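Protein chains in written order, with the working numbering: chain U, 1 to 165; chain S, 1 to 99.
Glycine included, every Cβ here is placed at the ideal spot set by N, Cα and C.
Given the structure is predicted, the values throughout are model-derived calculations rather than measurements.
Heads up: the structure comes next, in structure tokens.
In structure tokens form, the structure reads like this:
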């Protein structure tokens with residue numbers, strides 16, 4: 001039962017990712033991306049990663065979608081190539097993608113090339129995310145703080161001219 | 001089970017990469033990067049789950065998500081700046097436009 005649910009969720013994740021690519025309207029594509037994030041969140045919960053799932057849901061399905069919608073609405077007057085190009089040309093462009101995906105699925109499920117590479121049985125690690133972040137990966141925390149500060153400064157500098165005007 | 005997960009990750013990579021290569025719209029290029037990052041997130045958590053290192057995997061995913069948001073915020077600002085300068089989001093048009 002649990003495996004069946006995971007397969008459905010993985011299928012929905014790929015479906016929404018594909019929909020994001022193929023759909024013509026940018027706004028609908030972003031909403032489809034948010035749906036893919038929601039599917040990924042559920043998969044992370046099933047895989048015993050609740051903290052990552054909460055981050056994925058609140059940040060990727062929430063904040064990032066809001067940023068995308070804001071950018072799209074601010075640049076709405078632009079007739080972007082993706083929304084003005086003829087249907088046939090668009091169809092030709094994405095014609096090969098489903099074929100490539102089907103071929104890759106068939107090859108990977110029949111050959112099973114490198115799956116053992118990802119499983120290492122002799123590792124014993126910390127159980128708590130907090131312990132990992134504060135004891136083992138302190139440098140990551142520092143890097144995250146620097147990244148956030150750099151991002152804030154970058155946005156401030158980008159909007160500096162507009163504030164002056 | 002591992003085969004299905006890895007196949008999904010590979011599919012997400014292919015979808016994201018194909019989109020990244022074929023589209024010329026700046027916003028859609030960002031969306032393609034997002035799809036690629038979904039694949040990375042799924043791969044990390046799946047490998048962490050299989051190896052009994054889920055806490056480590058979660059900490060890495062949190063780091064990735066924070067970097068993703070900062071990258072997106074800065075890229076969104078850059079896209080808005082480019083749009084105000086050139087009036088277009090098409091990479092080909094922007095490349096040949098001069099101030």
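Problem - Minimum C-alpha distance to residue 37 of chain U - residue among U:59, U:23, U:24 - result: Considering only alpha carbons, the answer is U:59.
Handout entry: Residues of its chain near residue 22 of chain U, where Cβ-Cβ distance is below 8 Å and the 5 sequence neighbours each way are ignored
Key = Non-local C-beta neighbours of residue 22 of chain U in its own chain, meaning closer than 8 Å and more than five positions away in sequence, comprise 94, 97, ordered along the chain.
Practice task
Confirm the yes/no value for this check: CB of residue 46 of chain U, any heavy atom of the ligand ZN, distance under 6 Å.
Solution key: Here there are no bound small molecules, and the ligand ZN is not part of this structure.
Problem - Through-space distance from residue 61 of chain U to residue 48 of chain S, alpha-carbon basis - result: In this structure, the alpha-carbon of residue 48 of chain S lies about 22 Å from that of residue 61 of chain U.
Exercise for the section: Indicate whether at least one CB of chain U lies closer than 7 Å to the CB of residue 62 of chain S. Expected result: Interface flag for residue 62 of chain S against chain U is set, since a Cβ pair is found closer than 7 Å.
Handout entry: Secondary structure of residue 14 of chain U, DSSP reduced to three states
Key = Residue 14 of chain U: helix per DSSP, three-state reduction.
Practice task
Within 10 angstroms of the Cβ of residue 60 of chain S, are there 16 or more other Cβ atoms? Answer buried if so, exposed if not.
Solution key: With 16 or more other Cβ atoms inside 10 Å of its own Cβ, residue 60 of chain S counts as buried.
Problem - Anticipated Cβ contact below 8 Å, residue 9 of chain S with residue 42 of chain S, distance rounded - result: Contact annotation, residue 9 of chain S with residue 42 of chain S: C-beta distance approximately 5 Å; criterion of less than 8 Å satisfied.
Problem - Rounded separation between residue 150 of chain U and residue 143 of chain U - CA only - result: Cα to Cα, residue 150 of chain U sits roughly 10 Å from residue 143 of chain U.
Exercise for the section: Measure the C-alpha to C-alpha separation of residue 46 of chain U and residue 14 of chain U and round it to an integer number of angstroms. Expected result: C-alpha separation (whole angstroms): 17 Å.
Practice task
Assuming residue 66 of chain S and residue 148 of chain U form a contact by the criterion Cβ under 8 Å, report the distance between their Cβ atoms to the nearest whole angstrom.
Solution key: For residue 66 of chain S against residue 148 of chain U, the beta-carbon gap comes to about 7 Å, under 8 Å, which counts as contact.
Exercise for the section: Can you grab the Cα-Cα spacing for the pair residue 79 of chain U / residue 7 of chain U, in whole Å? Expected result: Residue placement at residue 79 of chain U is poorly supported in this model, since its pLDDT is 46, which falls under 50; the coordinates still yield a value, given next. Cα to Cα, the separation comes out at about 39 Å.
Practice task
Would you mind reading off the limits of the alpha helix (DSSP H) that contains residue 55 of chain U?
Solution key: It spans 50 to 55 - the alpha helix (DSSP H) in which residue 55 of chain U sits, taken as one unbroken run.
Exercise for the section: Please classify residue 90 of chain S: does DSSP put it in a helix, a strand, or coil? Expected result: In this structure, residue 90 of chain S counts as strand in the three-state DSSP scheme.
Exercise for the section: Could you confirm whether any beta carbon from chain U is found closer than 7 Å to the beta carbon of residue 82 of chain S? Expected result: Residue 82 of chain S does not count as touching chain U.
Problem - Nearest residue (CA-CA) to residue 63 of chain S, options S:14, S:44, S:30 - result: Relative to residue 63 of chain S, the option among S:14, S:44, S:30 whose CA is nearest is S:44.
Handout entry: Under the three-state DSSP convention, the category residue 128 of chain U falls into
Key = Here residue 128 of chain U sits in coil by DSSP.
Exercise for the section: Give a yes or no on whether the C-beta atoms belonging to residue 71 of chain U and residue 79 of chain S are separated by under 7 Å. Expected result: Closer than 7 Å, so yes.
Exercise for the section: Would you check if the distance between the CB atom of residue 48 of chain U and the CB atom of residue 27 of chain S is smaller than 7 Å? Expected result: No, Cβ-Cβ distance for residue 48 of chain U and residue 27 of chain S is not below 7 Å.
Practice task
Express the C-alpha separation of residue 20 of chain U and residue 27 of chain U in angstroms, rounding to a whole number.
Solution key: In a straight line, the C-alpha of residue 27 of chain U is about 10 Å away from that of residue 20 of chain U.
Handout entry: Under 8 Å from the C-beta of residue 128 of chain U: neighbouring residues of chain S
Key = Those within 8 Å of residue 128 of chain U in chain S are 55.
Problem - Cβ neighbour criterion (16 or more within 10 Å) applied to residue 39 of chain S - result: That one is buried.
Practice task
Compare the C-beta of residue 20 of chain S against all C-beta atoms of chain U and say whether one is closer than 7 Å.
Solution key: Chain U, which has no Cβ nearer than 7 Å to the Cβ of residue 20 of chain S, makes this no.
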